[in-house]
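Peer 1: Take a look at this one; I'll ask things after.
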Amino acid sequence: MAYRSSVDIHTEWDIVAARQLGRNEAKKVGFGTVDQARITTAISELARNIYLYAGAGKIEIERLNEDGLFGIAIIASDEGPGIPDVRKVMEDGYSTSGGLGAGMPGVKRLMDDFRVDTERGKGTKITAVKWLR
Amino acid sequence: MNMRIPILKLNEILIVSLQWELDDQTAIQFQEDLLKKLHDTSAKGVVIDLTPIDFIDSFIAKVLGDVISMSGLMGAKVVITGIQPAVAITLIELGIRLENVMTALDLENGMDKLQQELEA
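First to last, the sequence lines map onto chains A and P. Residues in the first sequence are numbered consecutively from 1, following full-length UniProt numbering. Residues in the second sequence are numbered consecutively from 1, following full-length UniProt numbering.
Below, the structure is given as C-alpha cells:
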C-alpha cells in the first residue's frame, strides 16, 4: 500500500494546505524545484476547481513506486455536479468561471498522466501523476 | 491570520516585496492596499518583486495581472521583478502569458527600467 495523505477542501485556506502538503511530499520523493512548482501549481488549480465548482471535496497525495519508478499522484475528488462535457473542458481557453482558473489543459501539461472520471450529479475524480526522471 | 503585505515608497516609486506564499485573501487585500497607496501618495510607478516566490497559480497570476491593469488606469506603471525559472516555466505551461507586463531580472534592473519609463 503506497503512502497516501489528504486534505479536505472546504475553504480557500484548505487550498493553501493542500499545496503545502503536495510540495512537502514532492520534496520527499526527490523532485527538483521546477517539478515541485509544477506539482504545487497543479494541486492549487485542482483544489480551486473543487472549491469553485463542487464546494467541497478532497485532495489526496500518493507517493508512487512502480517497478523502481518513483512518482507522485494527485487525486482530486468531489461529490459535486460532475463535468457535463469533459471534451470541452479539456479545450484550451474554455472556462465557465470568467477566467479564474487556467483550466484543465494547463494542469494536464504540467503533469505526465492525467485522467478524469466524472458522472453528472455524482461527482468528479481527477488523477494526475508526475514521474521522477 | 490575514497578513498585510508592506508597501514602501521611495521618491515616486512604490516597492513591494512578496516574501511568502500568497493565499487568496492576502492577494485581494494586497490589490486594494496597493491601489489605495497609489491614490494617497500619487506615486507614478510600482515595482513588485517576486524573488522568494516559488510558484504562482492562475489565481495569483490573475490578481497580479489585474492589479497591473488597475494601476495603469490610475496612471502608474508597474514592473514585475525576480520571477524564478520554475515560476516562469510553470506559468507558460499552465497557459498564462502575462503579456504586456513589464518585467526585469531583479529589483535593481526593475528600478532602472521604471525610471527610464517615467522619464520617457
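Cβ atoms here follow ideal geometry from the backbone N, Cα and C, with glycine treated the same way. As the structure is a prediction and not an experimental result, all values here were calculated from the model.
1) My guess is that A:ILE61 and A:ILE72 are in contact by the Cβ rule of under 8 Å, so how many angstroms apart are they, rounded?
2) Quick one: what does DSSP say A:ILE126 is sitting in, helix, strand or coil?
3) Tell me, please, whether the CB atom of P:PRO85 is closer than 9 Å to any CB atom in chain A?
4) What residues in its chain sit with their C-beta under 7 Å from that of A:LEU21, if we drop five residues either side in the sequence?
5) Quick one: does A:LEU100 have its CB under 9 Å from some CB of chain P?
6) Return helix, strand or coil for A:ILE83, following the three-state DSSP convention.
7) Between A:ASP113, A:ARG115, A:PRO81, which lies nearest to A:LEU52 when the distance is taken from Cα to Cα?
8) Can you tell me whether A:THR11 is buried or exposed? The criterion is at least 16 other CB atoms within 10 Å of its CB, across all chains shown.
9) Which class does P:LYS9 belong to by DSSP, given the choice of helix, strand or coil?
10) Starting from A:GLY22, trace the alpha helix (DSSP H) in both directions and tell me its first and last residue.
11) Would you call the segment 67-80 of chain P and the segment 96-110 of chain P touching, i.e. three or more CB-CB distances under 8 Å?
12) What residues from the segment 109-120 of chain A come within 9 Å of chain P, judged by C-beta to C-beta, listed N to C?
13) Any contact between the segment 9-16 of chain P and the segment 33-53 of chain P? By contact I mean 3 or more CB pairs, one from each, below 8 Å.
14) Taking only runs of the alpha helix (DSSP H) that begin and end inside the segment 18-93 of chain P, which ones reach a length of at least 4 residues, in chain order?
15) Go to A:ALA73, then tell me how far its alpha helix (DSSP H) extends in each direction, as first and last residue.
16) Using three-state DSSP, classify A:ALA2 as helix, strand or coil.
17) Buried or exposed: P:LEU10, going by 16 or more other Cβ atoms within 10 Å of its Cβ?
18) Express the C-alpha separation of A:ILE39 and P:ASP33 in angstroms, rounding to a whole number.
19) Below 9 Å between beta carbons: does that hold for A:VAL116 and A:VAL89?
20) Is it the case that the Cβ atoms of A:TRP13 and P:ASP57 are separated by a distance below 9 Å?
21) Where does the unbroken alpha helix (DSSP H) through P:ALA104 begin, and where does it stop?
22) I'd like to know if P:SER69 contacts chain A, where contact means its C-beta is closer than 9 Å to some C-beta of that chain.
23) Our contact map puts A:ASP78 next to A:ALA54 with C-beta atoms below 8 Å; I'd like the distance itself, whole angstroms only.
24) Contact defined as beta carbons within less than 8 Å: I believe A:LYS28 pairs with A:ILE75. What is the distance between those atoms, to the nearest angstrom?
25) On the three-state DSSP scale, how would you describe P:LEU114?
Peer 2: According to the data block:
1) In the first sequence, counting from the first residue as 1, residue 61 of chain A sits at position 61. In the first sequence, counting from the first residue as 1, residue 72 of chain A sits at position 72. Under the criterion of beta carbons closer than 8 Å, A:ILE61 and A:ILE72 qualify as touching, at roughly 7 Å.
2) The sequence position of residue 126 of chain A within the first sequence is 126, counting from 1. In this structure, A:ILE126 counts as strand in the three-state DSSP scheme.
3) Taking the second sequence and counting its residues from 1, one reaches residue 85 of chain P at position 85. It does: the Cβ of P:PRO85 has a partner Cβ on chain A nearer than 9 Å.
4) Walking along the first sequence from the start, residue 21 of chain A turns up at place 21. Same-chain partners within the cutoff: SER5, VAL7, ILE61.
5) Reading the first sequence from its first residue, position 100 is the one you call residue 100 of chain A. A caution first: A:LEU100 carries a pLDDT of 48, below 50, which makes its placement in the model too unreliable to give a value.
6) Numbered from its first residue, the first sequence carries residue 83 of chain A at position 83. The answer is coil: DSSP assigns A:ILE83 none of H, G, I, E or B.
7) Working through the first sequence from its first residue, we reach residue 52 of chain A at position 52. Looking at the Cα atoms, A:PRO81 is the closest of the given residues.
8) Here residue 11 of chain A refers to the residue found at position 11 of the first sequence. When all chains shown are included, A:THR11 counts as exposed.
9) Within the second sequence, residue 9 of chain P is the residue found at index 9, counting from 1. Strand at P:LYS9.
10) Locating residue 22 of chain A in the first sequence gives position 22, where the first residue counts as 1. That run of the alpha helix (DSSP H) goes 12-29.
11) yes
12) ARG109, LEU110
13) The segment 9-16 of chain P is in contact with the segment 33-53 of chain P.
14) 24-41, 58-73
15) Position 73 of the first sequence, counting from 1, holds the residue named residue 73 of chain A. Element bounds for A:ALA73: not the alpha helix (DSSP H) but the beta strand (DSSP E), 69-78.
16) As a position in the first sequence, residue 2 of chain A is number 2, starting the count at 1. A:ALA2: coil per DSSP, three-state reduction.
17) Counted from its first residue, the second sequence places residue 10 of chain P at position 10. Exposed.
18) On the second sequence, position 33 is the one that residue 33 of chain P refers to. On the first sequence, position 39 is the one that residue 39 of chain A refers to. In a straight line, the C-alpha of P:ASP33 is about 31 Å away from that of A:ILE39.
19) Taking the first sequence and counting its residues from 1, the one referred to as residue 116 of chain A is at position 116. Taking the first sequence and counting its residues from 1, the one referred to as residue 89 of chain A is at position 89. Result yes, Cβ atoms of A:VAL116 and A:VAL89 sit closer than 9 Å.
20) Here residue 13 of chain A is taken as the residue at index 13 of the first sequence, counted from 1. Here residue 57 of chain P is taken as the residue at index 57 of the second sequence, counted from 1. Going by C-beta atoms, A:TRP13 is not nearer than 9 Å to P:ASP57.
21) One-based indexing of the second sequence puts residue 104 of chain P at position 104. Not the alpha helix (DSSP H): P:ALA104 falls in the beta strand (DSSP E), residues 102-104.
22) For the purposes of this step, residue 69 of chain P is taken as the residue at position 69 of the second sequence. Not closer than 9 Å to any Cβ of chain A, the Cβ of P:SER69 fails to qualify, so no.
23) Counting from 1 along the first sequence, the entry for residue 78 of chain A is found at position 78. Counting from 1 along the first sequence, the entry for residue 54 of chain A is found at position 54. The pair is a contact, with the Cβ atoms about 4 Å apart (cut-off 8 Å).
24) Numbered from 1 along the first sequence, position 28 holds the residue referred to as residue 28 of chain A. Numbered from 1 along the first sequence, position 75 holds the residue referred to as residue 75 of chain A. In fact, because the Cβ distance is near 17 Å, the residues do not count as touching under 8 Å.
25) Within the second sequence, the letter at position 114 stands for residue 114 of chain P. Here P:LEU114 sits in helix by DSSP.
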